[in-house]
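First the structure, in the form of C-alpha cells, and then the observations on it.
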Amino acid sequence: MSYIEFKGQDGTFSMENPENYTGLYFPIAGEKGLKSCVTPNLGGDSKTDQNHFLLEPVSIENLHNNKSTRNFWCNIEGKGMWSATGVSAVQESDKFTEEQDSSKLEAGFMWQSVSRKSMKFQMKSKITSFVSIEGDAEITMIELENISEKEQNITFYPAVALYGRSADNIRDHRHVTSLLHRTVVKDGIITVKPVLSFDERGHQKNETTYFAGAFDSDGVCAEGYFPTVEEFIGEGGSFLNPKAVRENLPGVKEPYSVEGKESIGAFRFSKKILSPGEKLTYIFTMGALEKGDDVKNVVTKYNTLESAKKELERVKKYWVEKVDIDFHTGDKVNDNYLKWICFQPVLRRIYGCSFLPYHDYGKGGRGWRDLWQDCLALLIMEPMQVRKMIVDNYCGVRFDGTNATIIGNAQGEFIADRNNITRVWMDHAFWPFITTKLYIDQTGDVEILFEKIPYFKDMQISRGTSKDTEWTTDYGNRQRTISGDIYQGSIIEHILLQNLCAFYEVGEHNEMRLRGADWNDALDMAPDKGESVAFTSAYAGNYVEIADLLMHLKEKCGYTKIEVAEEMLVLFDRDVSMYNSVVKKHAILEKYVELCRHNISGNTVIISIDEICDNLREKAEWIMNNIRNNEWICKDETKGWFNGYYDNHGNKVEGYDDNNVRMMLTSQVFSIMSGTATDEQIKSICNSADEYLYDSKAGGYRLNTNFREEKFDLGRMFGFAYGEKENGAVFSHMAVMYGNALYKRGYYKEGHKVLKTLLDAAKNFSTGRMYPGIPEYFDNDGRGMYTYLTGAASWYMLTVINEVFGVKGNYGDMVICPALMPEYFDEKRKAYIALNFAGKKFVVIYTASSDYDIDNIKVKKAVVNETLVEPDNKGVIRITKEMLSNMEDNRENVINIEL
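When we follow our numbering, the leftmost residue of the sequence shown carries the number 611, and every step to the right adds one.
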C-alpha cells in the first residue's frame, strides 16, 4: 500500500485521511517572522521566538489533543455544527466509523492544503495554509462547497485562540498573564496587545501586537466578533462544542475592546444560501508584529482571494527555487525524498532545533554545531550567503579555544550565559574547519582564511574551569588587549587555536577529555575522568587536513608564513617527550590559558607554513598511532572495532565479554573518516557493525549495542530505554556520517547500504509514520522521531552529491568521481543530477556502459558542453576554476559522463 503519492519532481505529495495517523505535522514559515506548524486537522502552533507565541505552544505529546487552535466552523441550518477542519465533538465521535469525514492532504515546501468531505453534512472544504515569505502573516484560504442536491443555509464562524505571550507562561502565570491582555476589535481585525510580558527576561513592557482577521473572497469583513474565549465557547462549552456556533450567536460589533481575558480571533459572517455545487471562499490571516508595524496594512495585503492566491504562488515558487538541486535515478520516489532532505537544512536555519513539536532541545535556538553543519548544505544551495555566515560564526570562538554556547537571533550574535552555567563540549572545535574547508573547495576562496575577526569574551575562562572576575558586561563580548582595543585575528588563526588547544586537554589515557559531552550530548556524566577517543581521532584528521590546506597556500598561492597571536607560540610545542606525557600536556595548556585569562597582549608573531605543517602532521601521526596501538579491540580474525570512550571511573567503555558486546558507532565513524583506521581495520569494523549494530527493521545501524546497565558514570543516555534516542536507536546523523566515511575511504557498497536502509526506513510509512524527509532517529517501533530538524539531512545531502554522484569541489575546481550503484540508473541506464557550482548551472548526466563494474568505477569519457575532457589515470574528471569562469552565467551547462 502506498500512503504517500508524489506529484511531479518538486516534492509535492498527497495523502489520504492523514488525521488517522498520530504525530503528523507540517512546517510553514517565512524567511523571518512567523514560524508555524500545522497538523492535518489544523492544530499546531505559531511563534516568532520563545517569548512570542501567537498560538498556544504544543509538544508532540499534546499535538493530537490540540483542539483550541485553528478551527473553521459552519452552522448548517437544520443539521447543526460542522468543522471544516474535522475538529468537533460530533466529528470526534464519528472518527473511525462509517460516518467519518474523508480527507486528503496535498503539500509542498511551506504550504499545506487539506480537502475534507462530509457525507453526513453534505459539505466539502478545502483549507490551504501558508506563511508569507516575509513572515508577517499566516494565511489560510477556506473554500466551502455544498455537495448536497438541495440548498443549504450556512453561517461561517472562523475561530483561532490567540495565546499572545511567552512559552514559559503555558504553566507559569497562565491566568495572571491573561489579565495583561488588551483586546480590540477594529477594521475587521481582532488585536491583542498585552501590557507586559512575563518571561525569563523579567517583567518588561510588551511591544508586540498579536492579530487575526477574517474576510470573504472580496475582502469584506465579518458582521460579528467574539474577542474572548468565554464569549465564544460559552459557560460550560468547549472548543469542540462552542456555544457561539451551536446557538448561532451574532457576536459583538466593532469597535469593541475588552481587558484581562483569554483572547480569541473568532468571527461571524452573514448567513449564505449555498445552491447545490456552489462554493464560498474566506480568507483568514493572523500574525505577531513588533512596535511600529501596521497591522491593518499587513492584513489588507492578503485579505482577498486574489491577493492570497498571488502570495501562495509566490511562496510555492520561492521555496522550490531555494532547493535548486534535482536528482534523476531509477526511482522517482527516492528523487522526491532527496528533494525533501535537501530542504531540511533550510528548515533548521529558520526553526533552530526546537521550534517544531519536538522541542526537547530547549528554547528554540540553534547550537554551535548546528551553525556549522547547516552551512554544509547551504553551501550547495545558497553559496553566496555562506561566506558571511562562516566569518560571523567564528566570532563565537573564545581565546582559550572554547566557544559561546548561547546563540543570539542575529547572525554572528553570541550571548554570555546569564546563569553562569559552564558547559564545554569537547567536539565543538572540530566542526568549524570541516565547514570552512568545504567552502574553500567549493569556491576556491582561500582569502577567507585571512579575514580578521574578533574573539568572543565572557566570564568563562581557562576552558570552562575558572571565571574571570575582572570581566563585566561593560567590558563587552569581544576579547580585548591590555591597551583596551578589541583584538582581531585571522580565521586561520581561529582554526589553529581551536584545534591546538584541544590537543593538550587530555585525560589519564592521553585521549582528549570528554568534559560536558562530545557530539553525543547524552554522554554528559563523565566530566572528571571521561575521555573521547572518537573525537581525538577526529581532531587528528583535522590536523592532517589543515596541514594540506596550508601546503596548498604555499605551493599554489605563494604564502609562506602565517601571523598569529604571540600567546599561541606555546601551543606549537614540539618537545618529543611531551607527546606521551599527560602532565607535560597539561602544563602547556595551563601556561597558555594563564596568558589569556583576561586581556591579551595584542602582539603577533610570524610562523612559517612549513613549521606549522610539520607540527600538525607530527601531532596527527602520534594520535593515530596511539589509538591504533591502545584502543583497537580484536574480537576474532574478522571482527574488531575501536574503543571510543573512557567513563568517569577511567575505565574503557567498549569491548566484550562472555555475556555482552559493547560497541558504539561514533567510535568507528571518526576512526574511519580521519584515516586512523587502516583498510584491514575498516573491513573488521564493517563486519562488526553488520553483526552487532545493524537492524534492518529499526532502519539500519544502531548507535550502540545494549550495554545492559545504567551507566551513570558516562551519560544520561543509559537511562533511556534501549533503542530510543541516543541509547541504541538508529540515529540518522551518525549513521549518515558512517556512510559518508565509508564512501570517502572507497567502501562504496558498504556506504550505499547505510544510505539505502535509512531512506527505506523513512519511506516506509507503515512503520515510519512521517512525511517525506529524514528524522533525527527511528524508535524501537521504526517510527521517525524529531522530524525535519536534524543535522543528518545536511550530511545525507552532501554524501549523495559529493560521494554518490561524485560532484565535489577541490580548491574551486569541479571534480567528478562518482560511485553510483546500479539501482541509481533508470531503465535507459542513465542518472543525472542538476545543481549549481561556482555560480553556474550544471546538469551532470551519467550513462552506465554494458560492462559497468561497481568494483572498479571509472569515468571512461566526459563531454562538457560539447567539449571532450579526458579523465586522469584514476578515471576522475577535473574542470578547473579557469574553465568554469569562462562558462556563460545564464546557460545550463551539460556534462555527459560515460561510465
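The beta carbon of each residue, even a glycine, is placed where N, CA and C say it ideally should be.
Residue state for residue 1106 is assigned as helix, using DSSP reduced to three classes. For residue 735, the CB contacts under 6 Å within the same chain, skipping 5 residues up- and downstream, are 694, 726, 754 in chain order.
As computed with DSSP, residue 714 is found in a beta bridge with 626, 725. Within the region 844–915, complete alpha helix (DSSP H) segments of at least 4 residues are found at 853–856, 905–911, given in chain order. Counting along the chain, the unbroken beta strand (DSSP E) around residue 812 starts and ends at 812–815.
Under the DSSP assignment, residue 1298 falls in the alpha helix (DSSP H) whose first and last residues are 1289–1302. Per DSSP, the beta-bridge partners of residue 739 are 722, 750. Linking residue 862 to residue 834 through their CA atoms gives a straight-line distance of about 5 Å. Short of 7 Å from the beta carbon of residue 947, and not among the five residues preceding or following it, lie these beta carbons of its own chain, in chain order: 1369, 1372, 1373, 1382. For residue 762, the beta-bridge partners assigned by DSSP are 884.
In the DSSP assignment, residue 979 falls within the unbroken alpha helix (DSSP H) covering 978–991. If the five residues before and after residue 816 are omitted, its C-beta is found closer than 8 Å to the C-beta atoms of 790, 803, 804, 805, 806, 807, all from its own chain and listed in chain order. For residue 1392, the closest alpha carbon among the candidates 1055, 1441, 1442, 1338 is that of 1338.
About 21 Å separates the CB atoms of residue 718 and residue 642; that is not less than 8 Å, and the two are not in contact.
Comparing alpha carbon positions, the residue from 1071, 1013, 1256 closest to residue 1118 is 1256. Annotated three-state conformation of residue 837 is strand, per DSSP. In this chain, residue 1122 is not harboured by any beta strand (DSSP E), its DSSP state being neither H nor E. The C-beta of residue 1244 has fewer than 16 other C-beta atoms within 10 Å across all chains shown, which makes the residue exposed. Closest in alpha carbon position to residue 821, among 792, 1091, 914, 849, is 792. Here the alpha carbon of residue 1396 sits roughly 12 Å from the alpha carbon of residue 1343.
With contacts defined by Cβ atoms closer than 8 Å, residue 1088 and residue 1101 do not form a contacting pair. The beta-carbon distance between residue 1052 and residue 993, rounded to whole angstroms, is 6 Å. This is short enough to meet the 8 Å contact definition. Rounded to the nearest whole angstrom, the CA to CA distance from residue 1048 to residue 1350 is 14 Å. Considering only 1234, 1218, 988, 646, the residue with the shortest C-alpha distance to residue 1120 is 1234.
A buried status is given to residue 629, since no fewer than 16 other beta-carbon atoms sit within 10 Å of its beta-carbon. In this structure residue 897 touches residue 644 by the C-beta definition: roughly 6 Å separates them, less than 8 Å. Taken atom to atom, the span from the alpha-carbon of residue 1185 to that of residue 1366 is near 47 Å. By the CB criterion at 8 Å, residue 1035 and residue 1138 fall outside the cutoff. Between residue 900 and residue 801, the C-beta gap is not smaller than 8 Å, which leaves the two residues out of contact.
Here the alpha carbon of residue 1387 sits roughly 22 Å from the alpha carbon of residue 1414.
Residue ranges of uninterrupted beta strand (DSSP E) with 3 or more members, entirely inside the region 1386–1470 and ordered along the chain, are 1417–1420, 1423–1426, 1440–1447, 1450–1457.
By alpha-carbon distance to residue 1288, the top candidate from 1242, 1262, 1376 is 1242. Comparing C-alpha distances from residue 1040 to each of 926, 858, 1295, 1284 shows the shortest one belongs to 1284.
In the structure shown, residue 963 adopts coil according to DSSP, grouped into three states. Residue state for residue 699 is assigned as helix, using DSSP reduced to three classes. Within its own chain, the residues whose Cβ lies closer than 7 Å to the Cβ of residue 865, once the five positions on either side in sequence are excluded, are 795, 796, listed in chain order.
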